Every structure is written in C-alpha cells, then in structure tokens.
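According to our numbering, the sequence shown is numbered sequentially starting from 26.
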Amino acid sequence: LSVKENSSSSPFPSNFLFGTAASSYQFEGAYLTDGKGLSNWDVFTHKPGTIMDGSNGDVAVDHYHRYQEDVNLMNHIGVNSYRFSLSWARILPKGRFGKVNLAGIHFYNCLIDALLNKGIEPFVTLSHYDIPQELEDRYEGWLSHEIQEDFRYYVDICFKNFGERVKYWVTLNEPNVASIRGYRTGIWPPSRCSAAFGNCTNGGDSEREPFIVAYNLLLSHATAVDLYRTKYQKNQGGRIGVVMNTVWYEPISNSSEDKLAAERAQSFYMNWFLDPIILGEYPAEMREILGEDLPAFSRNDMEKLKSGLDFIGVNHYTSFFVKDCIFSACETGQGSSRTEGYALISPQINGICIGKPTTLDWLYVHPQGMEKMVTYIQHRYNNIPMFITENGLGTRDSSNSITKEILNDVERVDYLRGYLDSLATAIRKGADVRGYFVWSLLDNFEWSDGCSTRFGLHHVDYTTLNRTPRLSAIWYKNFIALQSSYGRTGTKTAPY
Ligand code: GBH
26 LSVKENSSSS
36 PFPSNFLFGT
46 AASSYQFEGA
56 YLTDGKGLSN
66 WDVFTHKPGT
76 IMDGSNGDVA
86 VDHYHRYQED
96 VNLMNHIGVN
106 SYRFSLSWAR
116 ILPKGRFGKV
126 NLAGIHFYNC
136 LIDALLNKGI
146 EPFVTLSHYD
156 IPQELEDRYE
166 GWLSHEIQED
176 FRYYVDICFK
186 NFGERVKYWV
196 TLNEPNVASI
206 RGYRTGIWPP
216 SRCSAAFGNC
226 TNGGDSEREP
236 FIVAYNLLLS
246 HATAVDLYRT
256 KYQKNQGGRI
266 GVVMNTVWYE
276 PISNSSEDKL
286 AAERAQSFYM
296 NWFLDPIILG
306 EYPAEMREIL
316 GEDLPAFSRN
326 DMEKLKSGLD
336 FIGVNHYTSF
346 FVKDCIFSAC
356 ETGQGSSRTE
366 GYALISPQIN
376 GICIGKPTTL
386 DWLYVHPQGM
396 EKMVTYIQHR
406 YNNIPMFITE
416 NGLGTRDSSN
426 SITKEILNDV
436 ERVDYLRGYL
446 DSLATAIRKG
456 ADVRGYFVWS
466 LLDNFEWSDG
476 CSTRFGLHHV
486 DYTTLNRTPR
496 LSAIWYKNFI
506 ALQSSYGRTG
516 TKTAPY
C-alpha cells in the first residue's frame, strides 16, 4: 500500500468520500423497460458499424434489475458513496414534449433508498452523454439553444423528486468529450463532423459545431445551477458541480514554446468549460485563435454564468506530451489543428514515452499526472473544492472468460495505488480534494469499445451477468479500511 502503510496518519480527511462510479447507459440496460424512451445512444449503437464488437447497451450489466446486488457489492467493499447518472429518457421519454415516466422516478427512488440504507451517499450526474432521442429529432439536440429549456425542465423534476436525499449533483459528464466526439471527430452520436474526418453520416462542421455545442452545454449547466440555487439549495442543502475529462499535458521540452503549447492544450480541452463557468470568459488562447468561431456570451448569458459551481469533478486517467505547432513545424496529429490550439498531443514524442503503455491506445500509466493535474486546477481556480469523479484502468479483453489471471488484476492494483498515492501528495500540499471514485464497480459497456474493454473491480460475465470480484476489489476494500483505521490524533488505531 506504499506511503499510507508507512505513515501514521491518513492524508484523506475523515469525511472524504471513497466510491465507485457508473453511468446509466453503461450500466442499466432495460432500454425499453417500463416506459423508457429511446436515447441518442440507443439509436447510435443500433446502427451497424458504430461499436467495435457490435454490442450495445440494451442489457448492459442489467443494473436496472440487479441494483440491490450491486449495492451489496459496494457495501462489501466499504465505500461511503456511489457516483451514478440518471437516464433522462427514462424520466422524460420525450423530453419536455411528453409525460414524466413515473416508473423511471420509482426506479431511482429505489436505488437511492437502497444506497442510503447502507450508508452510501448518492453522487448523481444528470446527464452522462445520454439525452432523449426526441431532442435530436426535433431540434438537433445540443446544437440548438432550445436544449437549455429542456435541460431546465428535466433537472427541475430531478431536484424536486430526489433532492431531499441527494446532496451531490453533477450537471454534465465531460461536456468537452461530448463536444469533441459528437461534433469534431464524429465517432459518437450524433456523428457529425467535416468530411476530412471520414465517416460522419449526419453532416457537420468540425471547425464550428463543437463550439456551438459547448456554448449550449455551458448555458445548460448554468441554467441548472441557477435553478438549484434559487429554488432548492437553501432547503435541500446540497452542492452542485460539473465533471470534466482531464488529461495532464506535459511539455516535451523546457522551451517556452512547448510550455505555452501545453498551456494551450489545457485551455482547448478543460479550461474551455471551466474558465467560462468560474472566471466568466473563455481562455485567452481560445479567443485569440478562434475569434468569431467562438460563440460570444451575451450580457444575459454572463449573468447566468455567474451562478458558477460548488465543486469541480475531475475525471483523470492519463497524461500526454505536448509539442508546439505555432513557432515550429510539427507533424499533423491529435491537437495540431487550429481548432485544437496548434499543440500536438501524443503519448510519445522524440522517442520518449510519457509512461507505461496499457492495452488501451489512449491510456498510459503516469501517476504523477494526478498530482500535477489537481495542483493545476487548485491554482487556476483558487482552490475550489474538487472530487476525483473517475480514475481507473481498462483492459482490452473480448473473450468473456473468467480465469485466475483475469481476476488477478495486479496491473489495476498498481495503477490505483500509484494514482491514489499521487493524489495524497497533492492533498498534503494543500489541494482541497473531497472524494475519489474508481471507474468502475463492474465491467460495463465501454462506449465505442462495447463489451471488449473492461474497467471493473468486478468481472462481469456477459452471458450469465454474474459478478465476480477481482483482486482490485479486495485491494480497494483494504485501502478504504486502512484510511478509516487512522484515528483523529493521527495514530493508527486498528491493526492492518
Ligand atoms: C470517461 O471518459 C467516461 O466518463 C466514462 O463513461 C468512461 O467509461 C471512462 O472514461 C473510461 O473510458 O485520446 O484525447 O480522447 C470516456 C472518454 C476516452 C475521453 C479516452 C478521453 C482520452 C483522451 N474518454 N479519452 S483522447
């Protein structure tokens, strides 16, 4: 257990949340059960060729029917929180253009009660990429300002029904990823991008649409926070934030050009959203490079954005090197274009690799990235409270077999230990981090990879849907127990 075994006090505060994370489309299944409407992801995965192994989330891990078993697994691990998302289309099958699906409300009531019954705090995301397909069909979803009104209508229902028991709300999961994958590269719904990106079936404009979508995501976030603050927060006493995908961008050299490039990469990825929400305007680098292509905030928008947030949710998995593409020529590749800020992003530059490669092409093990990322956010945003809302290791494994080796996931244990250790360092140095969630409790539907990539502390057999703990589940249980075994005086009160 590295540093925590040797020191006499835990760096994690006594009320720190330790949990696991999940999302509706990746976990629930039951895609048409009890009146649920179709989501954008239901429609997308049903088109041939969209998902690597041809699978979809129709059943996923059947959490809709097995939630009590899953809560029991969490209870066994000893977590005190669970991050999950609500399916918008399960609650409002047709958005604001139809009725509330009471069976959907009932399901989430049962899940929330089951969690609270075991002392597990619900940490709830309002939209984790999935929206009712109706909103795509009527007005092209996030491309239209109309979605702000739909989001307001939906979150109002959620706060009203669940807000007495839910004290942590996330408006949106990774709006940066949703904008990029749905509208720049087009590999996710609604599959929009410029012809240069290849297979986009629904038209698009990779130079402009990601920023229009981001604008509507930002204002939808602001609308939800504003509603929560004015109508609910005083009585319900919860907190509300947003979750960003974060990558630590390490300059490939000490040159000021590469350092500026790493800063630009950060601005075009994370600060793109957090700056407007917290500082009131887009990052300077984005304004300079994109000019008119960046939709401006009206006076009214700026007023709305002032509602801000109570915490930043940080999804963090990996780091990349960055090389400048403004002052010197660089190869074309991820990040190098104008709309990405002219900052080439790669795990390997000049023959140096950022960390240990894994079976996923985007995930390199670089634990120091956690401390650096958290510290960067701490300083840029004045030490606003943070939660690590996702961190974990995925492995490509399409076999579905359950062998001793598959359960003996020492690589995942090493990964989690390294990243938690690095997080502990950031906290010791003063970062205000209040919780940490492993992605994920179970293997689940991993978007474009379908069932072929597994992130679970538990293995799921996709034929029987049996859940089996891996070594990492037992390791996490012991890790949490050890943290709470330290007394307030800083001495270890229980043997380990
Ligand atoms: C998270 O992001 C999701 O919130 C979660 O649902 C998902 O299961 C989990 O991660 C594991 O993937 O190569 O530049 O795109 C998922 C999407 C995939 C976005 C990896 C960032 C890496 C950087 N992420 N990607 S890049």
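We put the CB at the ideal spot given by N, CA and C, even for glycine.
All values reported here derive from a predicted model rather than from experimental measurement.
- Query: Out of 160, 421 and 141, which has the shortest C-alpha to C-alpha gap to residue 469?
  - Reply: As a first step, residue 469 must be located in the sequence shown, where it is residue number 444. For residue 469, the closest C-alpha among the options 160, 421 and 141 is that of 421.
- Query: How would you write the range of the alpha helix (DSSP H) that residue 104 sits in, first residue to last?
  - Reply: By 1-based counting over the sequence shown, the position of residue 104 is 79. Run containing residue 104: none; DSSP gives neither H nor E here.
- Query: By Cβ distance, which residues of its chain are closer than 6 Å to residue 69, with the 5 residues on each side in sequence left out?
  - Reply: The residue labelled residue 69 in the question sits at position 44 within the sequence shown. So the qualifying residues of the chain are 75 and 214.
- Item | Residues near residue 172 by beta carbon distance below 7 Å, same chain, minus five either side | In the sequence shown, the residue the question calls residue 172 occupies position 147. Closer than 7 Å at Cβ, skipping near neighbours: 160, 166, 241 and 245.
- Task: Leaving aside the five residues before and after residue 361 along the sequence, list all residues of the same chain whose C-beta is less than 7 Å from its C-beta, in chain order.
- Result: The residue labelled residue 361 in the question sits at position 336 within the sequence shown. So the list reads 350, 355, 367 and 369, once near-sequence residues are dropped.
- Message: Can you tell me whether residue 209 is helix, strand or coil according to DSSP?
- Response: As a working mapping, residue 209 is identified with position 184 in the sequence shown. When secondary structure is reduced to three states using DSSP, residue 209 falls in the coil class, being assigned neither helix nor strand.
- Candidates 311, 124, 275 and 142: closest to residue 157 by CA position: As a position in the sequence shown, residue 157 is number 132, starting the count at 1. Selected option, being the one with the closest Cα: 124.
- Reducing DSSP to helix, strand and coil, say where residue 495 ends up. To locate residue 495, count along the sequence shown from 1; it is residue 470. Correct three-state label for residue 495: coil.
- Item | Element boundaries [beta strand (DSSP E), containing residue 369] | Translated into positions along the sequence shown, residue 369 becomes position 344. It spans 368-371 - the beta strand (DSSP E) in which residue 369 sits, taken as one unbroken run.
- Message: Between the alpha carbons of residue 168 and residue 207, how many angstroms are there, rounded?
- Response: Walking along the sequence shown from the start, residue 168 turns up at place 143. Walking along the sequence shown from the start, residue 207 turns up at place 182. Near 11 Å, if we compare the C-alpha coordinates of residue 207 and residue 168.
- Message: Quick check on residue 413: buried or exposed, where buried means 16 or more other Cβ atoms within 10 Å of its Cβ?
- Response: Reading the sequence shown from its first residue, position 388 is the one you call residue 413. Residue environment: residue 413 is assigned as buried (16 or more neighbouring CB atoms within 10 Å of its CB, all protein chains considered).
- Query: Is the beta carbon of residue 370 within less than 8 Å of some heavy atom of the ligand GBH?
  - Reply: As a first step, residue 370 must be located in the sequence shown, where it is residue number 345. Yes, Cβ of residue 370 sits closer than 8 Å to a heavy atom of the ligand GBH.
- Would you list the one or two residues that DSSP bridges to residue 378? As a working mapping, residue 378 is identified with position 353 in the sequence shown. Its beta-bridge partners are 373.
- Report the rounded CA-to-CA distance for residue 377 versus residue 388, giving the unit in angstroms. The residue given as residue 377 occupies position 352 in the sequence shown. The residue given as residue 388 occupies position 363 in the sequence shown. Rounded to whole angstroms, residue 377 to residue 388 spans 15 Å at the Cα level.
- Selected residue, minimal CA-CA separation from residue 261, among 192, 393, 297 and 503: Counting from one through the sequence shown, the residue named residue 261 turns up at place 236. Checked all of 192, 393, 297 and 503; the closest Cα to residue 261 is 192.
- Message: Can you tell me whether residue 77 is helix, strand or coil according to DSSP?
- Response: As a position in the sequence shown, residue 77 is number 52, starting the count at 1. Three-state DSSP puts residue 77 in coil, outside helix and strand.
- Task: Could you tell me how far apart the beta carbons of residue 86 and residue 52 are, in whole angstroms, since I believe they sit closer than 8 Å?
- Result: Working through the sequence shown from its first residue, we reach residue 86 at position 61. Working through the sequence shown from its first residue, we reach residue 52 at position 27. That belief holds up - the Cβ atoms of residue 86 and residue 52 are roughly 6 Å apart, short of 8 Å.
- Message: Following a CB-centred definition, is residue 76 positioned closer than 8 Å to any heavy atom of the ligand GBH?
- Response: Position 51 of the sequence shown, counted from the first residue, corresponds to residue 76. Not under cutoff, so the answer is no.
- Would you say residue 359 touches the ligand GBH, meaning its beta carbon is less than 8 Å from a heavy atom? As a first step, residue 359 is located in the sequence shown; it is residue number 334 there, counting from the start. Yes; taking the cut-off as 8 Å, the Cβ of residue 359 has a heavy atom of the ligand GBH nearer than that.
- Message: Does the beta-carbon of residue 238, which I'm using as the reference point, lie nearer than 8 Å to any heavy atom of the ligand GBH?
- Response: Position 213 of the sequence shown, counting from 1, holds the residue named residue 238. Checking the 8 Å criterion, the Cβ of residue 238 is out of range of every heavy atom belonging to the ligand GBH.
- Would you list the residues sitting across from residue 46 in a DSSP beta bridge? If you number the sequence shown from 1, residue 46 lands on position 21. Looking at the DSSP assignment, residue 46 forms a beta bridge with 108.
- Task: Go to residue 116, then tell me how far its beta strand (DSSP E) extends in each direction, as first and last residue.
- Result: Residue 116 sits at position 91 when you count from the first residue of the sequence shown. Element bounds for residue 116: not the beta strand (DSSP E) but the alpha helix (DSSP H), 113-116.
- Query: Under three-state DSSP, which class holds residue 344?
  - Reply: Against the sequence shown, residue 344 aligns to sequence position 319. DSSP places residue 344 in strand when its eight states are reduced to three.
- Item | Validate contact between the region 181-189 and the region 133-153 using beta carbons, cut 8 Å, 3 pairs | yes
- Message: Is the beta carbon of residue 338 closer than 9 Å to that of residue 408?
- Response: Against the sequence shown, residue 408 aligns to sequence position 383. Against the sequence shown, residue 338 aligns to sequence position 313. No; because the gap between Cβ atoms is not below 9 Å, this pair is not in contact.
- C-alpha gap between residue 347 and residue 284, whole angstroms: Taking the first residue of the sequence shown as 1, we reach residue 347 at position 322. Taking the first residue of the sequence shown as 1, we reach residue 284 at position 259. Their Cα atoms are separated by approximately 8 Å.
- According to DSSP, which residues form a beta bridge with residue 361? Position 336 of the sequence shown, counted from the first residue, corresponds to residue 361. Partner(s): none; residue 361 has no beta bridge.
- Task: Compare the C-alpha of residue 80 against each of 510, 477, 505 and 501 and name the closest.
- Result: Along the sequence shown, read from residue 1 onward, the residue named residue 80 stands at position 55. Sorting 510, 477, 505 and 501 by C-alpha distance to the C-alpha of residue 80 places 477 at the top.
- Message: Quick check: the Cα distance between residue 27 and residue 410, rounded to an integer number of angstroms?
- Response: As a working note, residue 27 is residue 2 in the sequence shown. As a working note, residue 410 is residue 385 in the sequence shown. Bear in mind that a pLDDT of 49 at residue 27, under 50, signals an unreliable position, so the model cannot answer this.
- Item | Alpha-carbon spacing of residue 516 relative to residue 506, whole angstroms | Here residue 516 is taken as the residue at index 491 of the sequence shown, counted from 1. Here residue 506 is taken as the residue at index 481 of the sequence shown, counted from 1. Note that residue 516 scores a pLDDT of 43, beneath 50, so its modelled location is shaky; the value from the coordinates is reported in the next line. Spanning the two alpha carbons is a distance of roughly 14 Å.
- Short Cβ contact (9 Å threshold) for residue 106 with residue 49: What you label residue 106 is simply residue 81 of the sequence shown in a count that begins at 1. What you label residue 49 is simply residue 24 of the sequence shown in a count that begins at 1. Their beta carbons are not under 9 Å apart, which means residue 106 does not touch residue 49 by this criterion.
- Task: May I have the straight-line CA-CA distance separating residue 508 from residue 37, to the nearest angstrom?
- Result: Taking the sequence shown and counting its residues from 1, one reaches residue 508 at position 483. Taking the sequence shown and counting its residues from 1, one reaches residue 37 at position 12. About 7 Å.
- Give me the Cα-Cα distance between residue 289 and residue 264, rounded to the nearest whole angstrom. Here residue 289 corresponds to residue number 264 of the sequence shown, with the count starting at 1. Here residue 264 corresponds to residue number 239 of the sequence shown, with the count starting at 1. The alpha-carbon atoms of residue 289 and residue 264 are separated by roughly 30 Å.
- Would residue 203 be called buried (16 or more neighbouring beta carbons within 10 Å of its own) or exposed? Here residue 203 refers to the residue found at position 178 of the sequence shown. Its Cβ being crowded by 16 or more others within 10 Å, residue 203 is buried.
- If you compare alpha carbons, which of 256, 358 and 99 is closest to residue 43? Against the sequence shown, residue 43 aligns to sequence position 18. Nearest of 256, 358 and 99 to residue 43, Cα basis: 99.
- Return the CA-CA distance between residue 47 and residue 95, expressed in angstroms with no decimal places. As a working mapping, residue 47 is identified with position 22 in the sequence shown. As a working mapping, residue 95 is identified with position 70 in the sequence shown. Computed Cα separation, rounded: 11 Å.
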